[in-house]
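See structure below.
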Amino acid sequence: GGGRTAFGGALPLVSLLLKCVVMTTSAVIVTSAGSKGPVCTVHEGAPAFAIAGKAPHKASGLTFCQEYKASTCCDKASTDAVRRVVYNMQANQVSGKCRDAWTALECSICDPRAGVLPRTPVCASTCDALYASCADEYFSEDAMNIMTPCRPSDTICTKLSEWIGGGAEMCAAAGYEIVPAAAAAGGWCFEGGSDRTTTAGDPPKDPKSAKDPKTKDASKDSKSKDSKSKDAKDSKKAKKAKKGAKGASGGKEEDAEEFKRAQVWITRLYILGSIGLVGHLGLKMLGRYLKSSNSGAARNAAKLAAENRARRVNDNTNHYL
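Right, dumping it as C-alpha cells:
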C-alpha cells in the first residue's frame with residue numbers, strides 16, 4: 172500500500188519534468204529553424220543550384236557574374252547558363268548597350284536576395300529602361316517558352332518592339348516578377364546595373380573624329396600618347412582601389428557569417444546544457460521524494476505492527492482474567 176501511494180504521488184512530478192524537457196526541446200528546434208534564414212530556391216527555367224536548401228555563401232568556380240561571388244546561390248552551372256546567353260548576343264552582334272543591360276538582368280539570379288526566391292523580382296522602372304535599350308534587337312523563345320535573346324541556332328527571331336509593347340510585358344515573358352514603383356518602396360527588387368565593362372559591341376564615338384582630317388597633326392599624336400599614359404596610370408589605380416574595396420567587403424561578409432554561425436552553436440549548447448540541468452535536478456528531486464515516501468511508509472507499517480501486538484497482548488490478558 173505504501174509503495175503504491177509513493178509512486179502515485181511521484182507521477183505529477185514526473186509529468187512536470189517531461190513537460191519541461193519537451194518545452195526546452197521545442198525551443199531548440201525553433202531556435203535552429205529561426206537562425207537558418209532564407210535558403211537557395213530553384214528558379215524555373217534555370218539550372219538547379221548545387222546548394223539548394225542552404226543559405227547563400229561565398230562561391231568559387233563561377234564562370235560569370237563574379238560581382239556576386241562573396242555571397243550567392245550560384246555555381247558553375249548557373250553562371251555557365253548566363254555565359255551562353257551573353258555569347259549568343261555577341262554572336263548576333265547585339266548592341267553593347269542592350270547586351271550589358273541584359274547581362275546584368277541574367278546575372279540577377281546570383282544576387283543572394285534573388286537566389287532565395289522562386290522568381291527574381293525586378294523593378295518596373297528597370298524593365299522599362301531595359302526595353303528601351305533592347306527594343307531594336309531580336310529575341311526568340313526557348314524550350315520552356317521563356318523569351319531569350321536570339322541564338323545562332325534559331326530559325327525565327329522577332330524584333331522586340333514588334334513582339335512586345337513594353338518593359339513589364341518583356342520582363343514577364345522572360346520569367347521575372349515585376350514590382351511596381353509603389354511596391355518597390357516597401358521591399359527589394361532588382362534595379363539593374365553592373366560593374367562589368369563592355370567586352371564587345373559598338374566602339375565608343377570620339378567627338379573629335381568629326382573634325383577635318385587636315386587638322387590632325389604631330390601635336391595631336393603627342394597629346395594622344397600623354398593621354399594614353401595617364402589613362403593607363405589611372406586605370407591601374409582604379410583597379411587596385413576596386414580590388415581592395417572588394418576584398419574588404421568580402422572579408423566583412425565572411426566575418427559576419429562566421430559570427431552568425433558561432434551564435435547559433437552557442438545558443439544550441441546553452442539550451443542543451445539547460446536540458447541536462449533540468450533532467451539532473453528532476454531526477455535528484457524524484458529520488459529524494461521516493462526515499463522520504465518509502466521511509467514514511469516503513470514507519471507507518473512498524474507503528475501498525477506494534478499496535479497489533481499490543482492489542483493481542485491485551486486480548487490474552489483479558490482472556491485469562
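Sequence positions in the sequence shown follow our numbering and run 172 to 492.
Virtual Cβ for every residue (Gly too), placed ideally from N, Cα, C.
Fair warning: this is a prediction, and the values are worked out from it, not measured in the lab.
Counterpart residues of residue i in DSSP-defined beta bridges
i, result
"S266", "None, per the DSSP bridge assignment."
"V350", "C294"
"F220", "In the DSSP output, where bridge partners are listed per residue, F220 has none listed."
"F554", "Nothing about residue 554 can be read from this structure; the chain reaches only from 172 to 492."
"H228", "T243"
Residue environment, residue i, which counts as buried when at least 16 other CB atoms sit within 10 Å
i, result
"H214", "buried"
"S249", "buried"
"V253", "buried"
"L276", "buried"
"R503", "Any question about residue 503 goes unanswered here, given that the chain covers just 172 to 492."
"G447", "exposed"
"A217", "buried"
"N259", "buried"
"G286", "buried"
"V484", "exposed"
Whole-Å CB distance - residue i paired with residue j, under 8 Å assumed
i, j, result
"T212", "P289", "6 Å"
"S304", "K268", "5 Å"
"T319", "E312", "7 Å"
"E362", "T297", "5 Å"
"L233", "W273", "In fact, because the Cβ distance is near 19 Å, the residues do not count as touching under 8 Å."
"M341", "L331", "7 Å"
"P323", "A262", "5 Å"
"A339", "A306", "Between A306 and A339 the Cβ distance is about 14 Å, and since that is not below 8 Å, they are no contact."
Contact set for residue i: own chain, Cβ-Cβ below 7 Å, skip 5 residues either direction
i, result
"A473", "none"
"K225", "V210, C211"
"Y169", "Outside the shown range of the chain (172 to 492) lies residue 169, about which nothing can therefore be said."
"A344", "M318, I335"
"C236", "C245, T250, V253, C278, C281"
"S231", "none"
Own chain residues within Cβ distance below 8 Å of residue i, not counting five before or after
i, result
"I327", "S311"
"P283", "P227, Y239, S242, T243, C244"
"G208", "A226"
"T329", "Y309, F310, S311"
"A223", "V210, C211, T212, V213, C244"
Other residues of its chain near residue i: CB distance less than 6 Å, five sequence neighbours each side excluded
i, result
"L359", "Reading off the sequence shown, one finds Trp at residue 359, where the question assumed Leu. So the list reads R284, once near-sequence residues are dropped."
"A219", "V213"
"V257", "T274"
Discussion item. If we require 4 or more residues per run, which alpha helix (DSSP H) segments fall completely within the stretch 243-331?
Written reply: Unbroken alpha helix (DSSP H) runs of no fewer than 4 residues, entirely contained in the stretch 243-331, are found at 247-262, 267-278, 283-286, 295-305, following chain order.
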